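Written below as structure tokens is the structure these notes are about.
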Amino acid sequence: MNVLIVGLGSIANKHISALKNINPDIKFYALRSSEDANSIEGITNLFSIIEIKVIQFRFAIISNPTYAHHQTIKKLIPLNIPLFIEKPLLSKLDNGELVNLINKNTIITYVACNLRFLDCLQFTKNYITNERINEVNIYCGSYLPNWRPGRNYKKTYSANKDQGGGVHIDLIHEIDYAYWLFGKPKKVSKVFSSKSSLKINAFDYANYTLSYADFNTSIILNYFRRDPRRTLEIVLEKETILVDILKNMVYRDTELIFHSEKTIVDTYETQLRFFIDKIITEKSKLNIIDEAYEILEICLQND
Numbered sequence: 144m145n146v147l148i149v150g151l152g153s154i155a156n157k158h159i160s161a162l163k164n165i166n167p168d169i170k171f172y173a174l175r176s177s178e179d180a181n182s183i184e185g186i187t188n189l190f191s192i193i194e195i196k197v198i199q200f201r202f203a204i205i206s207n208p209t210y211a212h213h214q215t216i217k218k219l220i221p222l223n224i225p226l227f228i229e230k231p232l233l234s235k236l237d238n239g240e241l242v243n244l245i246n247k248n249t250i251i252t253y254v255a256c257n258l259r260f261l262d263c264l265q266f267t268k269n270y271i272t273n274e275r276i277n278e279v280n281i282y283c284g285s286y287l288p289n290w291r292p293g294r295n296y297k298k299t300y301s302a303n304k305d306q307g308g309g310v311h312i313d314l315i316h317e318i319d320y321a322y323w324l325f326g327k328p329k330k331v332s333k334v335f336s337s338k339s340s341l342k343i344n345a346f347d348y349a350n351y352t353l354s355y356a357d358f359n360t361s362i363i364l365n366y367f368r369r370d371p372r373r374t375l376e377i378v379l380e381k382e383t384i385l386v387d388i389l390k391n392m393v394y395r396d397t398e399l400i401f402h403s404e405k406t407i408v409d410t411y412e413t414q415l416r417f418f419i420d421k422i423i424t425e426k427s428k429l430n431i432i433d434e435a436y437e438i439l440e441i442c443l444q445n446d
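First residue of the sequence shown: 144, per this note's numbering; consecutive thereafter.
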């Protein structure tokens, strides 16, 4: 199996590691932007579409900076191979131009939001089926300088708006799993700001309210919390469910009702197995480009 990778950053390394567990015989190729790019053991560098066209690829992983996704996807469409696109889909809305182009060329797509495969969220999705929801509160706060040890956080794409950074889109996972659990909201309101001591030009705080027919969902995201917290609270008619995403646990009121030893890192392999076995092989549809674009609209429309 040949796999093409565009963008060899930290997230690409996670996908490569997961794929090696799935199939140790996979051959990796990377489309590089410069002939001066470093060589990595086990990965063959390619420098043009002409080189790519002579190789039969099972699929491509797009994991370069978000602002480059639009151009990269358009460049790969003529190959007619499935595209595994790292979240978020794009750094800005394009009025559905790319969605239409993908659909016109019948390209298989999946936008990677691996939290959908986390055990505690899988359990919660089943648990709340047919339950009356009164309120949902989602929170994700962590400290950006700790994300990439050894690097100046102010020079990473997360901290720079012109590179597609900002907590509102960097932490799109929270919007994504809200959409996955509860569907498309009827109305969205939001507040974005950059007021913290981080002193970055990208948004470091985002506050959304997603309005549904029978309840509202509050989502708060930030880059500046030193003690990481990532939770989902669902206030049902007769009880409250609290999901601790970092610990992979679910509580009903104060009672622990679910716990998994797996971590978020484990979801990368589960996600890629699903992509290969279900989306490519069986033509299942989960977070295809159409859906991912709707989620992007929730994040970015009128921002």
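The beta carbon of each residue, even a glycine, is placed where N, CA and C say it ideally should be. Here the structure is a predicted model, which means the values were calculated and not measured.
Of the listed residues the options, nearest to residue i (C-alpha basis)
{"i": "Ile-432", "options": "Thr-209, Arg-201, Ile-228, Asn-164", "result": "Ile-228"}
{"i": "Lys-333", "options": "Ile-343, Tyr-348, Leu-341", "result": "Tyr-348"}
{"i": "Ile-362", "options": "Lys-421, Ser-339, Thr-374", "result": "Thr-374"}
{"i": "Asn-350", "options": "Ala-356, Phe-358, Tyr-366, Ser-340", "result": "Tyr-366"}
{"i": "Asn-223", "options": "Glu-184, Ser-153, Thr-352, Ile-192", "result": "Ile-192"}
{"i": "Leu-364", "options": "Ile-159, Ile-407, Gly-309", "result": "Gly-309"}
{"i": "Ile-183", "options": "Ile-204, Ile-205, Asp-168, Ile-159", "result": "Ile-159"}
{"i": "Tyr-436", "options": "Ser-206, Ile-250, Val-254", "result": "Val-254"}
{"i": "Gln-306", "options": "Lys-163, Phe-200, Lys-330, Thr-209", "result": "Thr-209"}
{"i": "Leu-379", "options": "Asn-248, Ile-315, Ala-321, Arg-395", "result": "Arg-395"}
{"i": "His-316", "options": "Phe-266, Lys-163, Ile-407", "result": "Ile-407"}
{"i": "Ile-198", "options": "Ala-211, Ser-177, Asn-359, Lys-170", "result": "Lys-170"}
{"i": "Pro-225", "options": "Asp-179, Arg-175, Asn-248, Ser-176", "result": "Asn-248"}
{"i": "Asn-166", "options": "Asp-409, Val-146, Ser-177, Asn-430", "result": "Val-146"}
{"i": "Leu-162", "options": "Asn-430, Thr-410, Lys-428", "result": "Thr-410"}
{"i": "Arg-291", "options": "Glu-274, Ile-154, Ile-195", "result": "Ile-154"}
{"i": "Asn-269", "options": "Glu-194, Val-393, His-212", "result": "Val-393"}
Sequence-distant residues of the same chain with beta carbon closer than 6 angstroms to residue i, five excluded per side
{"i": "Ala-173", "result": "Ile-148, Leu-151, Ile-186, Asn-188"}
{"i": "Ile-318", "result": "Ile-438, Ile-441, Cys-442"}
DSSP state of residue i mapped onto helix, strand, coil
{"i": "Asn-156", "result": "helix"}
{"i": "Asn-391", "result": "coil"}
{"i": "Thr-215", "result": "helix"}
{"i": "Lys-405", "result": "coil"}
{"i": "Ile-205", "result": "strand"}
{"i": "Tyr-253", "result": "strand"}
{"i": "Leu-233", "result": "coil"}
{"i": "Val-141", "result": "The displayed coordinates of the chain run from 144 to 446. Any statement about residue 141 would go beyond what the structure contains."}
{"i": "Ala-356", "result": "coil"}
{"i": "Glu-398", "result": "strand"}
{"i": "Thr-424", "result": "coil"}
{"i": "Pro-221", "result": "helix"}
{"i": "Ala-180", "result": "coil"}
{"i": "Arg-416", "result": "helix"}
{"i": "Leu-385", "result": "strand"}
{"i": "Lys-441", "result": "Residue identity differs from the one stated: residue 441 is Ile in this sequence, not Lys. Correct three-state label for Ile-441: helix."}
Residues near residue i by beta carbon distance below 8 angstroms, same chain, minus five either side
{"i": "Ser-337", "result": "Ile-343, Asn-344, Ala-345, Phe-346, Asp-347, Tyr-348"}
{"i": "Asn-164", "result": "Glu-412"}
{"i": "Arg-368", "result": "Gly-284, Ser-285, Tyr-286"}
Check: residue i C-beta below 7 angstroms from any heavy atom of the ligand FAD
{"i": "Leu-324", "result": "The ligand FAD is not part of the structure shown, which contains no ligands of any sort."}
7 angstroms Cβ shell around residue i - same chain, five flanking residues per side excluded
{"i": "Leu-236", "result": "Leu-439, Glu-440, Leu-443, Gln-444"}
Considering only residues of the stretch 272–351, which uninterrupted alpha helix (DSSP H) runs meet the minimum length of 4 residues and lie entirely inside it, listed in chain order? 310–313, 315–325
Does the structure place the stretch 394–409 close enough to the stretch 286–299 that three or more beta carbon pairs sit under 8 angstroms? no
Does the structure place the stretch 314–326 close enough to the stretch 270–289 that three or more beta carbon pairs sit under 8 angstroms? yes
Stretch pair the stretch 254–273 + the stretch 410–418: three plus CB contacts closer than 8 angstroms: yes
Indicate whether the contact test is met: 3 or more Cβ pairs, each with one atom in the stretch 365–379 and one in the stretch 285–292, closer than 8 angstroms. yes
Can we say the stretch 380–390 touches the stretch 229–249, given the rule of at least three CB pairs closer than 8 angstroms? The stretch 380–390, when compared against the stretch 229–249, does not touch it at the 8 angstroms Cβ threshold.
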